[in-house]
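Heads up: the structure comes next, in structure tokens.
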Amino acid sequence: MTLSGPRPEWLTFDCYGTLIQWDEGLLAAMDKILAGKGRSIDRDAFISVYDRYEHRLEEERPHRSFKDVSATALASAMSEFSLDISAGDADILTSSISRMPPFPEVAATLARLKAAGFKLAIISNTDDAIIAGNVAQLDGSVDRVITAEQAGAYKPTRQIFQHAWKELGIKKDQLVHICASPHLDLAAARELGFRTIWVDRGTGRKPLADYMPNESVNRLDEVCGLLSAAGWME
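Letter by letter, the sequence shown follows residues 1 to 234 in this note's numbering.
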């Protein structure tokens, strides 16, 4: 697949793992939490268990805040590893998320895309208060931030994307979505049919077996070349 069709008015982005260093930041937060537990734990295995609980909780109804989801997932993972959870562990995690920095090329790339005339929005599985610290590091390039808190739903449900498009005043053919998550964003694109650029940052995550993004890159700055090749920016 390649990028085609009308020039997008908006470029929408997944935040964590696409713009913000999620894996690196999460590992650091978990190291800090686990350091006080008195025994060695395989942190990759622990994060895998945490992720399983997080995604399960995000599917539950009624909608729960991400602060609640992350605290509950952390407690469940701790229990599975027979670790005692301390009162401040959940706060360590959520405060660490807010401080996670962007990838090195992100701020300059967003500024270049904005200068080329695109409007930029983030669609993210988080709460407004948590993502505010991350957006503050993007040098003012992002025009809108749509969160799961606002939509009352998490990706990959159609609800959060349709809420975002309504808020932006656009239809799906007026955007290209740029993301790093196959099981969230690409799964939604498979269902809803919007154009995607997948950012494969070498984490081992793979596209879905029955869906291919329109384009793939390894770094966000490579998106500019794809948009130029499509005739959408100089």
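For each residue, glycine too, the CB sits at the ideal point set by N, CA and C. What you are looking at is a predicted structure, and each value in this text was computed from that prediction instead of being measured.
Whole-number beta carbon distance between residue j and residue i, since they are thought to touch under 8 Å
i: residue 14; j: residue 65; result: No, residue 14 and residue 65 are not in contact; Cβ-Cβ is about 19 Å, not under 8 Å.
i: residue 148; j: residue 160; result: 6 Å
i: residue 12; j: residue 177; result: 5 Å
i: residue 218; j: residue 201; result: 7 Å
i: residue 37; j: residue 83; result: 5 Å
i: residue 208; j: residue 198; result: Incorrect: roughly 10 Å between the Cβ atoms, too far for contact.
i: residue 55; j: residue 152; result: The Cβ separation is near 17 Å, so there is no contact.
i: residue 114; j: residue 76; result: At roughly 40 Å, the Cβ-Cβ gap does not stay under 8 Å, so residue 114 and residue 76 are not in contact.
i: residue 121; j: residue 168; result: 6 Å
i: residue 174; j: residue 10; result: 6 Å
Boundaries (first-last residue) of the alpha helix (DSSP H) holding residue i
i: residue 194; result: It is not in any alpha helix (DSSP H) - residue 194 carries neither H nor E in the DSSP assignment.
i: residue 92; result: 89-99
i: residue 160; result: 158-168
i: residue 10; result: It is not in any alpha helix (DSSP H) - residue 10 instead sits in the beta strand (DSSP E) that spans 10-13.
i: residue 217; result: Looking at the DSSP string, residue 217 is not in any alpha helix (DSSP H); the run it does join, the beta strand (DSSP E), is 215-217.
i: residue 81; result: That residue, residue 81, is in no alpha helix (DSSP H); it is neither H nor E in DSSP.
i: residue 50; result: 43-58
i: residue 32; result: 22-34
i: residue 153; result: First-last for residue 153: undefined, no H or E at that position.
i: residue 136; result: It is not in any alpha helix (DSSP H) - residue 136 carries neither H nor E in the DSSP assignment.
i: residue 227; result: 223-229
Environment of residue i [buried if 16+ CB atoms lie within 10 Å]
i: residue 89; result: buried
i: residue 25; result: buried
i: residue 220; result: buried
i: residue 195; result: buried
i: residue 214; result: buried
i: residue 105; result: exposed
i: residue 6; result: exposed
i: residue 35; result: exposed
i: residue 18; result: buried
i: residue 236; result: Limits of the chain in this structure are 1 at one end and 234 at the other, which puts residue 236 out of reach.
i: residue 132; result: exposed
i: residue 95; result: exposed
i: residue 4; result: exposed
i: residue 98; result: buried
i: residue 71; result: buried
i: residue 228; result: exposed
i: residue 124; result: buried
i: residue 87; result: exposed
i: residue 189; result: buried
i: residue 136; result: exposed
Element boundaries [beta strand (DSSP E), containing residue i]
i: residue 206; result: Careful: residue 206 lies outside any beta strand (DSSP E) and carries neither H nor E.
i: residue 2; result: Unbroken run through residue 2: none, as it is neither H nor E.
i: residue 122; result: 119-124
i: residue 177; result: 175-179
i: residue 109; result: Not the beta strand (DSSP E): residue 109 falls in the alpha helix (DSSP H), residues 106-115.
i: residue 147; result: 144-147
(message) Taking 8 Å as the cut-off, does the segment 155-164 touch the segment 179-197 (at least 3 CB pairs, one atom from each stretch)?
(response) yes
(message) Check whether the segment 40-55 and the segment 106-114 touch, using three or more Cβ-Cβ pairs below 8 Å as the test.
(response) no
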